[in-house]
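These notes are about the structure you will find just below.
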Amino acid sequence: MDKKQLGNTDIAISPLGLGTVKFGRNQGVKYPEEFEIPDEAFLAELLWLAKDMGINMLDTAPAYGASEERLGRLLKGQREDWVIVGKAGEEFKDGESFYNFTPAHFEMSLERSLKRLNTDYIDVFLLHSDGHDVKNLSDEIIKTMQGFKERGMVRAIGASTNTAEGGLVAFLEMDVVMASYNPTYTDEKPVLDYAAAHNKGVILKKALSSGHNSNIEDAFEFAFSHPGTSGIIVGTINPEHLRQNVAALPGSL
59 MDKKQLGNTD
69 IAISPLGLGT
79 VKFGRNQGVK
89 YPEEFEIPDE
99 AFLAELLWLA
109 KDMGINMLDT
119 APAYGASEER
129 LGRLLKGQRE
139 DWVIVGKAGE
149 EFKDGESFYN
159 FTPAHFEMSL
169 ERSLKRLNTD
179 YIDVFLLHSD
189 GHDVKNLSDE
199 IIKTMQGFKE
209 RGMVRAIGAS
219 TNTAEGGLVA
229 FLEMDVVMAS
239 YNPTYTDEKP
249 VLDYAAAHNK
259 GVILKKALSS
269 GHNSNIEDAF
279 EFAFSHPGTS
289 GIIVGTINPE
299 HLRQNVAALP
309 GSL
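The following block contains the structure:
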C-alpha cells in the first residue's frame, strides 16, 4: 500500500488507517452491533495483520477507554513503524463523556497520552470535537497546540471537527483536519475543497457512517474521489473486515 503525504507535513500515511475505539471502549458508542473488547493477544495479531497489509496509521484518544494504554504495550519496539493520531479535549468516565478545552487540560492530557502510549511524541495531535468547533478553537488553544509542536511533543496539529466552519478555522493556523464525509453526509465538503486548494491534510472519519454503510467499495470510492482526502480512518476488531477494507480501496490508489 503506497503511502501518501499528509498535506504539507513531512508525515507519510497509508490511505487507510485503523481506528482503535474498540480496543478500549464498548460503552456509549454508535456502532450498529454490541461487541466485547478483545484481549491484547488478539489485538497484537490484528496490528500485525494491519502492518503486513501496509497500514501505518492508528487513531486513538483519551476518550477511547483503555486504547492508549493498550497501544503503549502493543507497539513496544515498533513505534517508528506507526503514525499515531491522538486527541485531547474529550474525556470518558463512568459511561459519560465530558469536555475540557483549556490550555492546562491540554497540557495534562498530552503528557498523560505520551506516558500511556510509551512514546515521546505523537504524530498528529487533534482537538476532539464536542460540536462547538469554532468556539473551542480559541486563540489560546491554538497557541498551546503550536507550542507542543515547537517543543517536539507532536509533529502536526489540527482538529477533529463536526462542522465545516470549524475545519476552515483550524486550517488557518494548523496542519490537519479530521472531517466527516460520506455519500449521505457532505456538509463538510468545503473543508476538503480548501485542503485540495491549499495542500492541507484531511483525514476522514465516518467514511462508512460508523458501520451503518455496508457498501464499502462505493463509500471508499466516494471518499477518495475528492482530491482533498489524504486518508481515512475505519475502526474494526474483525480481521476479515480489515482485509475487506483493504481490498475495497480504489484501484486508482
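The numbering used here applies: residue 59 is where the sequence shown begins, and numbers increase by one.
Built from N, CA and C at the ideal position, the CB exists for glycine as well.
These numbers come from a predicted model, not from an experiment.
Cβ neighbours of residue i in the same chain (closer than 8 Å, five flanking residues each side left out)
{"i": "S310", "result": "F282"}
{"i": "P248", "result": "A222, G225 and L226"}
{"i": "V256", "result": "Note that residue 256 is His in the sequence shown, not Val. So the qualifying residues of the chain are F229."}
Contacting residues, own chain, Cβ-Cβ under 7 Å from residue i (five flanking each side not counted)
{"i": "A277", "result": "N240, P241, A265, L266 and N271"}
{"i": "A228", "result": "L195, G216, A217, T219 and V235"}
{"i": "A121", "result": "E148, E149, F150, S155 and H186"}
{"i": "L105", "result": "L132"}
{"i": "V87", "result": "V79"}
{"i": "P308", "result": "F278, E279 and F282"}
{"i": "E275", "result": "A306"}
{"i": "E98", "result": "R128, R131 and L132"}
Span separating the alpha-carbon of residue i from that of residue j
{"i": "G147", "j": "N66", "result": "25 Å"}
{"i": "Y252", "j": "K258", "result": "8 Å"}
{"i": "Y179", "j": "E138", "result": "11 Å"}
{"i": "Y89", "j": "L76", "result": "15 Å"}
{"i": "I290", "j": "L262", "result": "4 Å"}
{"i": "V304", "j": "G130", "result": "25 Å"}
{"i": "I199", "j": "V192", "result": "11 Å"}
{"i": "A214", "j": "K201", "result": "13 Å"}
{"i": "K109", "j": "Q63", "result": "18 Å"}
Residue i versus the options, residue with shortest Cα-Cα distance
{"i": "G210", "options": "P73, E94 and L168", "result": "L168"}
{"i": "L133", "options": "A108, A119 and N176", "result": "N176"}
{"i": "M203", "options": "H190, D181, D188 and G189", "result": "D181"}
{"i": "S125", "options": "S72, L262 and N84", "result": "N84"}
{"i": "S72", "options": "V260, I274, E275 and L184", "result": "V260"}
{"i": "E94", "options": "A102, F81 and L300", "result": "F81"}
{"i": "E92", "options": "E103, Q136 and T294", "result": "T294"}
{"i": "H284", "options": "E246, E208, N158 and F100", "result": "E246"}
{"i": "E208", "options": "M232, H190, D188 and T287", "result": "M232"}
{"i": "R170", "options": "Q302, G144, Q136 and G153", "result": "G144"}
Residues bridged to residue i [DSSP beta-bridge criterion]
{"i": "D117", "result": "G77 and V143"}
{"i": "N240", "result": "Y243"}
{"i": "K62", "result": "I71"}
{"i": "K134", "result": "In the DSSP output, where bridge partners are listed per residue, K134 has none listed."}
{"i": "S155", "result": "F150"}
{"i": "G293", "result": "G77"}
{"i": "F206", "result": "Per DSSP, none; premise fails for F206."}
{"i": "V304", "result": "Answer by DSSP bridge pairing: none, since V304 is not bridged."}
{"i": "V227", "result": "Answer is none; V227 lacks a bridge partner."}
Segment limits, alpha helix (DSSP H) that includes residue i
{"i": "V192", "result": "D191 to N194"}
{"i": "F280", "result": "I274 to S283"}
{"i": "K88", "result": "Counting along the chain, K88 falls outside any alpha helix (DSSP H), and DSSP gives it neither H nor E."}
{"i": "L101", "result": "E98 to D110"}
Start-to-end residues for the beta strand (DSSP E) that takes in residue i
{"i": "S218", "result": "V212 to S218"}
{"i": "K28", "result": "The displayed coordinates of the chain run from 59 to 311. Any statement about residue 28 would go beyond what the structure contains."}
{"i": "G259", "result": "G259 to K263"}
{"i": "F183", "result": "I180 to H186"}
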